[in-house]
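J.: Numbering (this note's numbering), first residue to last: 6 to 223.
1. Residues in its own chain within less than 7 Å of residue 86 by CB, not counting five upstream and five downstream?
2. Residue 173: buried (16+ other C-beta within 10 angstroms of its C-beta) or exposed?
3. Check this for me: beta carbons of residue 179 and residue 220, under 8 Å apart or not?
4. Where does residue 30 land, buried or exposed, given buried means 16+ other C-beta within 10 angstroms?
5. For residue 54, is the classification buried or exposed, using 16 other Cβ atoms within 10 angstroms of its Cβ as the cut-off for buried?
6. Give the straight-line distance between the Cα atoms of residue 110 and residue 116, rounded to the nearest whole angstrom.
7. Mapping DSSP to helix, strand and coil, what is residue 63?
8. Would you identify the three-state DSSP class for residue 152, choosing helix, strand or coil?
9. Note down, in chain order, each residue of its chain lying with its Cβ closer than 7 Å to the Cβ of residue 203, except the 5 sequence neighbours on either side.
10. At the level of alpha carbons, what is the spacing between residue 82 and residue 168?
11. If we call anything under 8 Å between Cβ atoms a contact, is residue 88 one with residue 127?
12. If you drop the 5 nearest sequence neighbours on each side, which residues of the same chain put their C-beta closer than 8 Å to that of residue 79?
13. Just to confirm the assignment: which complete alpha helix (DSSP H) runs, minimum length 4, are found wholly within the stretch 54-134?
14. Should residue 175 be labelled buried (16 or more other beta-carbon atoms within 10 Å of its own) or exposed?
15. Rank 13, 66, 42 and 150 by C-alpha distance to the C-alpha of residue 21 and give the top, closest one.
16. On a CA-only basis, which of 163, 92, 112 and 155 is nearest residue 58? Give me that one, please.
17. Who are residue 20's beta bridge partners in DSSP?
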């Protein structure tokens with residue numbers, strides 16, 4: 006699973022926080038950022054649930070990957086709940102965490118059962134992505150444990166233990182999951198969930214320069 010690339014060969018190394026079905030804001034953000042094939046974009050997970058257009062977001066991301074094959078898509082806890090639902094597990098967790106909005110987005114567009122390409126997209130998401138200077142993950146990491154020993158549940162769900170810790174993995178950890186009013190930027194942490202689905206912003210960050218682009222969900 007571990008992969009290290011030389012990001013110095015890239016023009017920009019971009020990370021995007023939790024989308025949660027906010028397709029219009031995603032399109033508007035990409036119009037601001039204007040990614041090129043010389044960039045690499047890392048989406049930090051939570052593409053579905055709570056917002057109005059989860060199916061449309063996945064359509065967009067699949068098309069984006071075709072245009073920009075170096076793009077990295079991480080698994081969020083909401084994609085894991087969606088995958089569990091699709092595999093026939095107890096639906097309660099998925100439905101109680103915004104899953105009904107996801108199902109509605111497919112049924113409203115007369116696309117249920119879900120297209121096979123969407124199922125493949127969900128199944129192929131990465132749990133984390135590592136470069137020589139950065140670790141990209143949806144929720145965070147458990148302190149005092151090396152990346153290779155991290156539990157998948159922590160990668161997708163951890164909050165307080167990671168947020169409150171000053172543990173240094175030797176690389177900057179770029180993450181989403183825990184919504185804040187503004188991006189969280191320190192030497193060793195970049196937090197990019199700024200609560201778009203709750204009426205705040207969808208955020209993109211060039212992680213090396215810390216340049217920020219945002220679109221507000223009005």
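We put the beta carbon where it would ideally sit given N, CA and C, even for glycine.
T.: On the basis of the supplied data:
1. Mapped onto the chain shown, residue 86 falls at position 81. Same-chain partners within the cutoff: 98, 99, 102 and 104.
2. Position 168 of the chain shown, counted from the first residue, corresponds to residue 173. Exposed: under 16 other Cβ atoms inside 10 Å.
3. Position 174 of the chain shown holds residue 179. Position 215 of the chain shown holds residue 220. No, Cβ-Cβ distance for residue 179 and residue 220 is not below 8 Å.
4. Taking the first residue of the chain shown as position 1, residue 30 is located at position 25. Residue 30 is buried by the Cβ-count criterion.
5. Here residue 54 refers to the residue found at position 49 when the chain shown is read from its first residue. Buried.
6. Residue numbering aside, residue 110 sits at position 105 when the chain shown is read from its first letter. Residue numbering aside, residue 116 sits at position 111 when the chain shown is read from its first letter. When rounded, the distance between both Cα atoms is 9 Å.
7. By 1-based counting over the chain shown, the position of residue 63 is 58. Assigned with DSSP and collapsed to three states, residue 63 falls in helix.
8. Locating residue 152 in the chain shown gives position 147, where the first residue counts as 1. Helix, per DSSP.
9. Numbered from its first residue, the chain shown carries residue 203 at position 198. So the list reads 184, once near-sequence residues are dropped.
10. By one-based count along the chain shown, residue 82 stands at place 77. By one-based count along the chain shown, residue 168 stands at place 163. If I take the Cα positions, the gap works out to 17 Å.
11. Within the chain shown, the letter at position 83 stands for residue 88. Within the chain shown, the letter at position 122 stands for residue 127. Yes.
12. Residue numbering aside, residue 79 sits at position 74 when the chain shown is read from its first letter. The residues are 47, 48, 49, 50, 130, 131, 132, 133, 134, 141, 142 and 143.
13. If only uninterrupted alpha helix (DSSP H) runs of at least 4 residues are considered, those enclosed by the stretch 54-134 are 59-72, 82-91, 105-113 and 121-128.
14. For the purposes of this step, residue 175 is taken as residue 170 along the chain shown, with counting starting at 1. With a threshold of 16 other beta carbon atoms within 10 Å, residue 175 falls short and is exposed.
15. On the chain shown, residue 21 is found 16 positions in, with the first residue counted as 1. Of the candidates 13, 66, 42 and 150, the one whose C-alpha sits nearest the C-alpha of residue 21 is 66.
16. Locating residue 58 in the chain shown gives position 53, where the first residue counts as 1. When only C-alpha atoms are compared, the closest one is 112.
17. Within the chain shown, residue 20 is the residue found at index 15, counting from 1. 47 and 210, per the DSSP bridge assignment.
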